[in-house]
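Student:
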Amino acid sequence: MMNPAKIIEKAVGGSKGKLADILESIHGRLEVMNEQQGKILDVLERVTGIKGEYKDEDDVEETVSESKGTV
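Under this note's numbering, the first residue of the sequence shown carries the number 497, and numbering increases by one thereafter.
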């Protein structure tokens, strides 16, 4: 994932500005959250033996509705 602040910096010719600083901060936080999610999934896999994988919101809703139909 390319850093959004770098894209803005290139677009405006080197002057980042406040928006780029905000985007850079958000990008950094998202990277940290992604790393934390990976660590959590690793721990859950070790504890439960079930391989964890990321599912987006649509997949989760579909899985929930499928499981409700089988109950």
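Even glycine gets a Cβ: it sits at the ideal position worked out from N, Cα and C.
Keep in mind the model is a prediction, meaning the values are calculated, not measured.
If I'm right that residue 501 touches residue 526 with Cβ under 8 Å, what's the distance once you round it to whole angstroms?
Tutor: Contact flag wrong, Cβ pair sits at about 12 Å.
Student: What does a CB cutoff of less than 7 Å around residue 515 pick up in its chain, not counting 5 residues either side in sequence?
Tutor: 504
Student: From the DSSP output, in three-state form, read off residue 530 for me.
Tutor: helix
Student: Mapping DSSP to helix, strand and coil, what is residue 546?
Tutor: coil
Student: Short of 8 Å in beta carbon distance, which residues of its chain neighbour residue 534, apart from the five on each side in sequence? Order them along the chain.
Tutor: Within the same chain, residue 534 has no close Cβ partners at all.
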